[in-house]
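Trainee: Those sequence lines, one after another, are chains A and B.
Per this note's numbering, residue 62 is the first one in the first sequence, and the count goes up by one each step.
Per this note's numbering, residue 62 is the first one in the second sequence, and the count goes up by one each step.
All residues carry an ideal CB built from backbone N, CA and C; glycine is no exception.
Bear in mind the structure is a predicted one, so any value in this text is a computation, not a measurement.
2 protein chains.
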Amino acid sequence: MAEAQRDHAYTERSLAEPLAEVAGAPRRSAAEEARTLLAGTSVASLATLSDGAPWASLVQTGVLEDGGVVLCVSTLAEHGRNLLEDPRASVLVAAPEAGDDALARGRVTLAGIAHRPEGAARDAARAAYCARVPYAEGYVDFGDFSLWVLEVERVRWVGGYGRMASAEAADYAAARPDPVAPHAARAVAHLNEDHADALLAMVRALGGHPDATAATCMAADRLGLDLEAATPRGRAITRVGFAAPIDEPGGLRAATVELTRRSRELLA
Amino acid sequence: MAEAQRDHAYTERSLAEPLAEVAGAPRRSAAEEARTLLAGTSVASLATLSDGAPWASLVQTGVLEDGGVVLCVSTLAEHGRNLLEDPRASVLVAAPEAGDDALARGRVTLAGIAHRPEGAARDAARAAYCARVPYAEGYVDFGDFSLWVLEVERVRWVGGYGRMASAEAADYAAARPDPVAPHAARAVAHLNEDHADALLAMVRALGGHPDATAATCMAADRLGLDLEAATPRGRAITRVGFAAPIDEPGGLRAATVELTRRSRELLA
């Protein structure tokens with residue numbers, strides 16, 4: 062095998078192919094993934110320029126409605142001085158580590174130009190920062206701290222091995238965080254603990270693996286479920302889509318109930 | 062109060078002053094803090110230059126004996142292409158989050174020039190990377206991946222609010238990770254659960270607060286213990302040093318036993 066063909070071959074684990082045609086289950090866009098990651102944590106890494114050389118530092122962030130990233134940095138710290146010298150900046154936000162493979166998790170790089178908001182824009186930035194950062198009220202107005210807003214021009218999302226995409230700035234600004242993301246981990250655990258039979262029905266009826274013998278849910282989002290299944294032909298990975306996108310935080314239960322009912326009807 | 066004087070006043074919580082003279086308990090140097098943080102996790106944020114603008118990304122790292130930071134990046138990813146264009150880079154390594162204040166944790170920024178090691182140097186870099194990164198054997202030799210070593214020229218350590226220092230490159234290269242760091246959290250939990258009386262004796266005898274009524278351990282390292290105490294005069298924070306620096310992973314138990322014995326003798 063030529064070397065070029067082997068590139069990234071490690072992502073192509075041998076998986077069982079679907080036996081039945083599968084309706085394309087929609088996925089969140091890169092813009093939505095980015096906004097969802099940013100909504101999930103206030104902790105980020107900041108890259109700034111120190112005499113033209115890159116400088117990585119730890120920050121916390123707020124988020125404006127249009128996805129502008131609010132920073133609050135001190136001129137006593139290098140990143141604060143760097144932004145005053147050159148406002149180009151980049152922020153990395155990563156999902157919490159899960160499992161032993163740190164590079165399997167989602168993350169997004171946002172890059173653009175930072176500016177210091179004034180007047181009502183500063184009020185909005187201050188509110189967005191303090192809403193997410195405990196203790197910020199204790200220092201945000203001190204003389205050495207400044208609020209900055211990173212206007213995002215470039216968005217590069219990586220969802221793990223082999224899943225990655227860029228987003229246009231306008232799509233990023235218009236996107237919203239997935240409302241079910243804060244509840245997804247608990248819902249996935251509940252499905253796996255108490256509803257393995259329902260997951261198996263989904264994989265058999267809608268996931269393209271009618272011979273599956275067991276199924277687990279790997280992830281849930283507002284558009285569907287990522288499922289892993291055991292089949293006589295080996296391990297399979299599939300995705301099933303909800304009847305309609307969920308648009309409220311508590312919508313996962315009803316959507317999975319509908320998915321289960323539909324799967325069982327198809328199998329009956 | 063002038064604005065300048067209020068800068069960083071949030072770090073000055075009202076703490077009880079020691080009543081007795083306290084022997085200066087040594088602390089780890091910034092260089093040792095940096096090496097210890099780097100030894101504690103393979104996960105880091107990388108800052109590179111994308112057409113001269115900063116670009117933050119997620120990486121895993123290996124560490125060479127001299128503190129050189131080993132990266133393994135793909136030219137299919139932006140950070141890989143960036144390094145080929147301009148080898149200036151910076152790496153941020155942070156301690157795991159503990160508590161609800163993300164900026165209270167230790168972190169270090171390392172900055173310098175990355176190069177692609179060859180021959181025996183590549184072998185050493187490959188071994189250092191694979192020793193810390195699960196699954197690396199599965200992709201490290203693929204054609205699109207390259208090993209890089211960041212030669213560290215600048216080191217900036219932040220230990221939390223109000224604790225920060227830079228390290229010289231030579232001191233960083235010569236420093237070693239604290240051998241007790243991997244066991245410190247468990248030791249601290251054990252001290253707080255089962256040996257509150259010993260901690261209180263330390264604070265009273267060696268920590269400068271003979272009127273303390275309760276004590277807990279906040280952190281342990283190869284040089285001593287950080288202790289928090291309740292006193293009739295309010296909350297106190299102090300540090301007690303071990304009789305000698307610990308130089309082996311299992312040394313915390315004997316050092317704290319000695320500290321307890323010494324404290325109780327002084328109080329007897």
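Should G123(B) be flagged as near chain A, meaning a C-beta pair shorter than 9 Å?
Mentor: no
Trainee: Under 8 Å, with one C-beta from each stretch per pair, do the region 133-143 of chain A and the region 162-171 of chain A reach the 3-pair mark?
Mentor: no
Trainee: What residue range does the alpha helix (DSSP H) around P148(B) cover?
Mentor: Run containing P148(B): none; DSSP gives neither H nor E here.
Trainee: By the three-class DSSP mapping on this structure, what secondary structure does H176(B) have?
Mentor: In the displayed model, H176(B) falls within a strand according to three-state DSSP.
Trainee: CA-CA distance, H244(A) and N253(A)?
Mentor: 15 Å
Trainee: When the Cα atoms are used, what is the spatial distance from G223(B) to R300(B)?
Mentor: Rounded to whole angstroms, G223(B) to R300(B) spans 16 Å at the Cα level.
Trainee: Please list, in chain order, the chain B residues whose beta carbon lies closer than 7 Å to that of Y196(A).
Mentor: D162
Trainee: Closer than 9 Å between beta carbons: that is the criterion. Which residues of the region 225-254 of chain B meet it against chain A?
Mentor: M225
Trainee: My guess is that A156(B) and G101(B) are in contact by the Cβ rule of under 8 Å, so how many angstroms apart are they, rounded?
Mentor: 7 Å
Trainee: Are the CB atoms of V210(B) and G269(B) within a distance shorter than 9 Å?
Mentor: no
Trainee: Excluding five sequence neighbours on each side, which residues of the same chain lie with their C-beta closer than 7 Å to the C-beta of G199(A)?
Mentor: A distance below 7 Å between beta-carbons, with the five flanking residues on each side excluded, links G199(A) to no residue of its chain.
Trainee: Decide if D357(A) is buried, meaning its Cβ has at least 16 other Cβ atoms within 10 Å, or exposed.
Mentor: This structure cannot settle anything about residue 357(A), because the visible part of chain A is limited to 62 through 329.
Trainee: Candidates D287(B), S90(B), R265(B): which alpha carbon is nearest P293(B)'s?
Mentor: R265(B)
Trainee: Would you list the residues sitting across from L76(A) in a DSSP beta bridge?
Mentor: In the DSSP output, where bridge partners are listed per residue, L76(A) has none listed.
Trainee: Taking the Cβ atom as the reference point for each residue, do V154(A) and T122(A) lie within a distance shorter than 9 Å?
Mentor: yes
Trainee: To which residues of the same chain is V201(B) closer than 8 Å at the C-beta, ignoring the five residues directly before and after it?
Mentor: Cβ neighbours of V201(B) within its own chain (closer than 8 Å, five residues either side excluded): C133, R187, Y190, C191, L208.
Trainee: Would you verify that the beta carbon of G312(A) is, or is not, closer than 9 Å to some beta carbon of chain B?
Mentor: no
Trainee: Along chain A, in chain order, which residues have C-beta atoms closer than 7 Å to that of W218(B)?
Mentor: Per Cβ cutoff of 7 Å: no residues; W218(B) is ~12 Å from chain A at best.
Trainee: Under 8 Å Cβ to Cβ from S227(A), same chain only, skipping five residues before and after it: list those, please.
Mentor: A91, R215, V216, R217, W218
Trainee: If you run the structure through DSSP and keep just helix, strand and coil, what is S227(A)?
Mentor: strand
Trainee: Any Cβ of chain A within less than 9 Å of the Cβ of V152(B)?
Mentor: yes
Trainee: At a CB distance below 9 Å, what residues from the region 102-123 of chain B approach chain A? Give them in sequence order.
Mentor: Residues of the region 102-123 of chain B that bring their beta carbon within less than 9 Å of a beta carbon in chain A comprise T102, S103, V104, A105, S106, L107, A108, T109, L110, S111, G113, A114, P115, W116, A117, S118, L119, V120, Q121, in sequence order.
Trainee: Helix or strand or just coil, what does DSSP make of E214(A)?
Mentor: strand
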